[in-house]
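> This is the structure, below, for whatever I ask next.
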Amino acid sequence: MFSKILLLAFSGTLLAAAAPSAASASLQPIRPVLAPLQILTLTTFAPSGRPNSFPTESSVNISASDPNSNTVIACATKWPVFEDATIWNRINPCSESSGAAKGSRWTFQLLTPTASGNGASPLWNFRVHFAHETEKGLYAATGKFGVEDGNLSGLCSASGVCSFVLKGDNVTVPLYKVER
């Protein structure tokens, strides 16, 4: 008996099979390796919330580059100051660069940093879930951002104004294809 690994090219997809066992002889597709989503900018802002002050909404703004589709996306969302609970899990649209493929659509959601939601803040401790729908399938990426994670920096002033920005210039988020 021998246990050579056979690599086969079939319709542009690599298939791997181990021989000679019947159980291992079934062919399984090897998942293509996707380049990670590159986070270019990420900023968060919350106003003081004092009466008659402007602006009256908190915000998150993100731009990212997807080397797999050769597009740059801009994602932004706002919510009323002091109403942070309203932002979690809401699906928000992103705009794409002009080179985007027809039928392509990006969205993003702010998620709590943990399942329990302890210590969550849409300003300085959160996850972002990106989804990219194309004719070829659904792709997704989820990254965690926070001061304690070392990829956000900023502060809140005594007046209540808070501002945080992406720290570093090489922040990536793994991108994967979602099986439907």
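Under mature numbering (1 follows the signal peptide of the UniProt record, and there is no 0), read the sequence shown as residues -18 to -1, 1 to 162, first letter to last. Here a beta-carbon is modelled for each residue, glycine too, at the ideal position from N, C-alpha and C.
What would DSSP say about residue 67, mapped onto helix, strand or coil?
Three-state DSSP puts residue 67 in a helix.
> For residue 48, collect the residues of the same chain with a Cβ closer than 6 Å to its Cβ; drop the 5 residues on either side in sequence, then sort them by chain order.
Same-chain partners within the cutoff: 19.
> In chain order, what residues of the same chain have a beta carbon less than 6 Å from the beta carbon of residue 57, not counting five sequence neighbours either side?
For residue 57, where only same-chain residues beyond five positions count, the Cβ hits under 6 Å are 44, 76, 90.
> Would you kindly report the start and end of the unbroken beta strand (DSSP E) that includes residue 61?
That run of the beta strand (DSSP E) goes 53 to 62.
> In the segment 61 to 141, which residue ranges form an unbroken beta strand (DSSP E) of at least 3 residues, counting only runs that do not cross its ends?
Whole beta strand (DSSP E) segments, 3+ residues: 74 to 78, 87 to 93, 107 to 116, 119 to 128, 134 to 138.
> Give me the DSSP bridge partner(s) of residue 149.
Answer by DSSP bridge pairing: none, since residue 149 is not bridged.
> Quick check on DSSP: helix, strand or coil for residue 154?
Residue state, collapsed to three classes: strand.
> Whole-angstrom Cβ separation of residue 41 and residue 143, contact assumed at under 8 Å?
Not really, about 12 Å apart at Cβ, beyond 8 Å.
> Quick one, which of 128, 39, 141, 84 has its alpha-carbon nearest residue 115's?
Nearest option by C-alpha distance: 84.
> Might you give, ordered along the chain, the residues of its own chain that have their beta carbon closer than 6 Å to the beta carbon of residue 125, omitting 5 neighbours on each side?
Around residue 125: 110, 155.
> By DSSP, does residue 41 sit in helix, in strand, or in coil?
Strand, per DSSP.
> Alpha carbons only, please: which of 66, 140, 63, 159 is nearest the one belonging to residue 164?
Here the chain comprises residues numbered -18 to 162, so residue 164 is not present and cannot be evaluated.
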